[in-house]
Each structure stands twice: as C-alpha cells, then as structure tokens.
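Asks:
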Amino acid sequence: MSVSEYTPANVCEYIPGLENIPAARSSISYVDGQQGRLEYRGIAIEELAAKSTFLETAYLLIWNKLPTREELKKFETEIYSHRRIKYRIQDMMKCFPETGHPMDALQASAAALGLFYSRRALPNQDYIRQAVVRLLAKIPTMVAAFQLMRKGNEPVRPRDDLDYSANFLYMLGEKVPDKLAARIFDVCLILHADHTMNASTFSARVTASTLTDPYAVVASAVGTLAGPLHGGASEEVIEMLQKIGSVENVRPYVEQCLENDPKYKFMGFGHRVYKVKDPRAIVLQNLAKELFQQSHDDSDKYYDIAVELEKVIEEKVGHKGIYPNVDYYSGLVYRKLGIPADLFTPVFAIARVAGWLAHWREQLGENRIYRPTQIYTGQHQSSYVAIEQRS
Ligand code: CMC
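Add 242 to a position in the sequence shown, counting from 1, and you land on the number used in the numbering used here.
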C-alpha cells in the first residue's frame, strides 16, 4: 500500500474554506469590509433601507434594475396572489414533529414545492419569473404556518389587502401589526436580502449549476443557512443579554469572560469581512432604538444592556477589528416584534430568498457546472481483504 498526496496539474495550494478564492463573477452585491460599505447593484444599503421596500429591493437584486411604478405594482400583485400554499403541503407540514426546528420544516417545505412545479430549470424568462414569484410568495406563508401548527393551531390564511411584511407578521401573530412594526420588519428583510458569496449563496449556486429546479436550489441554501456557523448568532445574543441581566453587570461579565478565556467569542461580534461596525448593524441599532422608544415593557432593559456591552467590548477587543455584526441588534428587533427566537433564522431565510434567486438567475445566465478538484490524501493499490480475515 502506498499513501500519496496527489495534486492535479495546474492546481495551486489547498485553501481551507476557499477563503478569498472567487467562486463566481457577480454583479449582485458588494462589500467593502474596511469602509463598512454594502451595496446591492451599486446602491448603498442605507439608501435602500431608508427609501425602498423589500419587494422593490428583491426586484432590483434579481433583475438588476429598479422597477417602474407599473412594474412594481404588477410584481407585488402577482406575489400577493400566490401567497397561499396547497392543502397537500399544509397536510405534510402538519405531520412534522412540533419539536422539530423551524429551519428543518422550512427546508422540507421548500423542497416539497418542487413536487408540484416543474422539475428542471429552464433558462426562459417566464419560467424564472414564475419561480421567483412562487418562492417569494410562499416561503413566508410556510414559516408562519409551521409556527401556528406546532402550537396545535390551524395556519392563518394570507390577507390580500396586506403588504408583504404586514401580512407575514399578521399570519404569525394572528393580528394586523401597526405600521411602524411592519415597516421595521420590511427594513430588516432589505438588510438581510443578499451578502455576496457566503456559504448558503455558494450552496445555491452549486445546486443551480446542475440545472435542477429552483425549489431544490432554495432548499439546499436553507439547509446551509441553518448551520450555527452561518445562520446567525442572534438567538444566542438574546441569551447573552438575558444572562447579563442589567447594565451594571455588563463590565464584570465581559471581564470575567476574558479572564476565563482571553479569546472568548462574544456572540454578535466579529466578521470575516468587516473590520469595522457592520453597516447593517448600524441601521438595525437605530430601528431597535425606535422600537424600544415606542413601547415600554419589562424587556426594555435589553437595549440599554446591548449598548453598554458594545461599548465595553469595543474598549477590550476593538483593536482586533471586533465590532457588532448584523446579528447583534437583529434579535432585539425581532424579539420586540414578538417573533420567537427559533424563528430568527427562518426570518433571515425569508429575506435571503431574494439573494439566492438573484444568484440562481445569474448562474443560469453564464452556467458551467461546478466541479472543483481535490487533493487526494488516501491510499493506492490496496488489497481487498476477505471479511473472515479482517481483524
Ligand atoms: N469576540 C471576541 N473576540 C473575537 C470575536 C468575538 N466575537 N471574534 C473574533 N475575535 C478575535 C479572535 O479571538 C481573534 O483574536 P486573536 O487575533 O487574538 O487570535 C481575532 O478576533 C480574529 O478572529 P477569527 O476567529 O480569526 O475571525 P474569523 O474571521 O475567523 O471569524 C466569526 C469570524 C464571525 C466566525 C467570529 O468573529 C465569531 O465567531 N463571532 C461570533 C459569532 C457571530 O456573531 N456570528 C455571526 C457572524 S455574521 C452573520 C453571518 O455571516 O452569517
């Protein structure tokens, strides 16, 4: 037996996690981690958060243009009329265990759409449009439906008179949200809609490159987003703030963590690309502040704790480029909107569907199946050993 390390000709060194290796040419989004800048199709995220809506932003990401008033109206109307999900999908979802994670329920439900619609991606504009409309329309309904079903309730039917975000909050909480809550939720969706070549987007593009259907593309990306290294630390940020409990406890908590482990990782801080405060965290912090100012209850202290924690962590580890990322304030916002902690990642997925679909369309436009190589580290010419002779 011989063991070899075989590197095919023209292959450079192995880079774990493909760090800094371009996996596609893309014009969808852009990040400058030093300046703290994120753009969708060249437009700064702050401007979209202030002036756009999630569906308009989705249109921009997918079709690389801001829609005219008529185009946007048509797109919204199509999406609003496709928000219902088939009884057979609902019946399937009713069989899911109520203890199952909502991300697993979403992945299975998204894949199930492929049972009802076309199997193969066709590079024609009508096919792409239909898939975009169905996925953007139905994913929020499926997230809300599972939330109600796991509590033993019937899902709430979408309401045609409510816009995208108001309707999702209505289906989830069984009551029409106020205008501010719906607008803030819509801005959260804009902020999470795309973020260059991250793990789930890469997953979506690899799946897309086989020309399978777009429901499989989204289901594979949902599965990737679900992992704890990607899907978001916002759930754990809330747990950390609860553990700290008061503004006075912030400094002793941080000092204790760093004394026990000088490399302690605070949830919601740090980013592979951003070395300054994540621009999405800045917008989210303002939204959190607005929400916390609007209504006061016993959870109000968490915003103040979060602000103090950011200050102390910056003082202690800011020199390493550790600042709040998108997950730091998003959990606070979602919690205040009445969204349960284990739905934070499915809500992330509702937004990211827009980005995944934009990458699906871009991939189809210039497709070559992904087929990377490997550096083989196994054996050669080994003998087959009969089962009775194996130790
Ligand atoms: N708190 C304190 N110190 C940190 C943190 C943190 N959250 N993150 C990194 N550091 C330190 C780390 O100890 C290291 O220090 P030193 O130079 O002394 O060895 C230095 O900063 C560089 O860290 P790294 O681990 O090499 O950084 P990375 O780029 O590999 O990791 C990260 C990025 C996001 C995985 C990491 O910062 C982290 O685990 N953060 C906490 C979890 C979190 O908030 N995740 C959400 C990420 S944003 C959403 C998404 O992309 O899906």
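Using N, Cα and C, we set each Cβ at its ideal position, and we do this for glycine too.
Which residues in the same chain as Val418 place their Cβ atom closer than 6 Å to its Cβ, once the five residues preceding and following it in sequence are excluded?
Replies: What you label residue 418 is simply residue 176 of the sequence shown in a count that begins at 1. Here the set comprises Tyr412.
Asks: Should the region 549 to 567 be called in touch with the region 598 to 610, which here means at least 3 C-beta pairs below 8 Å?
Replies: Verdict: no, contact absent.
Asks: Around the Cβ of Met243, are there at least 16 other Cβ atoms within 10 angstroms (buried) or fewer (exposed)?
Replies: Residue numbering aside, residue 243 sits at position 1 when the sequence shown is read from its first letter. Unreliable positioning characterises Met243 in this predicted model, as indicated by a pLDDT of 45, which lies under 50. A coordinate reading is not provided.
Asks: Write down every uninterrupted run of the alpha helix (DSSP H) in the region 542 to 570 whose length is 4 residues or greater and which is fully enclosed by it, in chain order.
Replies: Qualifying alpha helix (DSSP H) stretches, in chain order: 543 to 559.
Asks: Could you tell me the boundaries of the alpha helix (DSSP H) in which Asp436 lies?
Replies: Against the sequence shown, residue 436 aligns to sequence position 194. That residue, Asp436, is in no alpha helix (DSSP H); it is neither H nor E in DSSP.
Asks: Does the Cβ of Leu471 lie closer than 8 Å to at least one heavy atom of the ligand CMC?
Replies: In the sequence shown, the residue the question calls residue 471 occupies position 229. Yes, since a heavy atom of the ligand CMC falls inside the 8 Å radius drawn around the Cβ of Leu471.
Asks: Does the distance from the C-beta atom of Asp436 to that of Glu318 stay below 9 Å?
Replies: Position 194 of the sequence shown, counting from 1, holds the residue named residue 436. Position 76 of the sequence shown, counting from 1, holds the residue named residue 318. For Asp436 and Glu318, no; Cβs fall outside 9 Å.
Asks: With DSSP as the reference, label Ala286 as helix, strand or coil.
Replies: Translated into the one-based positions of the sequence shown, residue 286 becomes position 44. Strand.
Asks: Could you check what DSSP says for Ser269 in three-state terms: helix, strand or coil?
Replies: By 1-based counting over the sequence shown, the position of residue 269 is 27. In this structure, Ser269 counts as coil in the three-state DSSP scheme.
Asks: Looking only at its own chain, which residues have a Cβ that is under 6 Å from the Cβ of Asp274, when we skip the five neighbours before and after it?
Replies: For this step, residue 274 is matched to residue 32 along the sequence shown. Closer than 6 Å at Cβ, skipping near neighbours: no residue.
Asks: Rounding to the nearest angstrom, what Cα-Cα distance links Ile381 and Leu453 in this structure?
Replies: If you number the sequence shown from 1, residue 381 lands on position 139. If you number the sequence shown from 1, residue 453 lands on position 211. Going by the C-alpha atoms only, they are around 21 Å apart.
Asks: With respect to the alpha helix (DSSP H) encompassing Gly356, which residues constitute its N-terminal and C-terminal limits?
Replies: For the purposes of this step, residue 356 is taken as the residue at position 114 of the sequence shown. Here the alpha helix (DSSP H) through Gly356 covers 344 to 358.
Asks: Quick one: residues in its chain with C-beta nearer than 8 Å to the C-beta of Leu579, no 5 flanking neighbours on either side, listed in chain order?
Replies: Against the sequence shown, residue 579 aligns to sequence position 337. Excluding sequence neighbours, Leu579 sits near Leu411, Pro419, Ala423, Ile426, Phe427, Leu533.
Asks: How many angstroms separate the CA atom of Met335 from the CA atom of Arg577?
Replies: The count along the sequence shown starts at 1 and reaches residue 335 at position 93. The count along the sequence shown starts at 1 and reaches residue 577 at position 335. Roughly 25 Å separates the two Cα atoms.
Asks: At a cut-off of 8 Å, would you count Ile327 as near the ligand CMC, judging by its Cβ distance to the nearest heavy atom?
Replies: Along the sequence shown, read from residue 1 onward, the residue named residue 327 stands at position 85. Flag unset: Cβ of Ile327 not near the ligand CMC.
Asks: Below 8 Å on the Cβ atoms is my guess for Val518 versus Tyr565; work out the distance and round it to an integer in Å.
Replies: Against the sequence shown, residue 518 aligns to sequence position 276. Against the sequence shown, residue 565 aligns to sequence position 323. With a Cβ gap of about 6 Å, Val518 and Tyr565 count as contacting.
Asks: Helix, strand or coil for Glu313? Go by DSSP, reduced to three states.
Replies: Within the sequence shown, numbered from 1, the residue matching residue 313 stands at position 71. Of the three classes helix, strand and coil, the one that applies to Glu313 here is helix, per DSSP.
Asks: Measuring only the C-alpha atoms, how far is His472 from Arg362?
Replies: As a working mapping, residue 472 is identified with position 230 in the sequence shown. As a working mapping, residue 362 is identified with position 120 in the sequence shown. Whole-angstrom Cα-Cα distance: 28 Å.
Asks: Between Gly597 and the ligand CMC, is the CB less than 8 Å from at least one heavy atom?
Replies: The residue labelled residue 597 in the question sits at position 355 within the sequence shown. Outside the cutoff, so no.
Asks: Between the region 485 to 499 and the region 360 to 379, do at least 3 Cβ pairs fall closer than 8 Å?
Replies: No: fewer than three Cβ pairs fall under 8 Å.
Asks: So is Gly394 buried or exposed if we call it buried at 16+ other beta carbons inside 10 Å?
Replies: Translated into the one-based positions of the sequence shown, residue 394 becomes position 152. With fewer than 16 Cβ atoms within 10 Å of its Cβ, Gly394 is classed as exposed.
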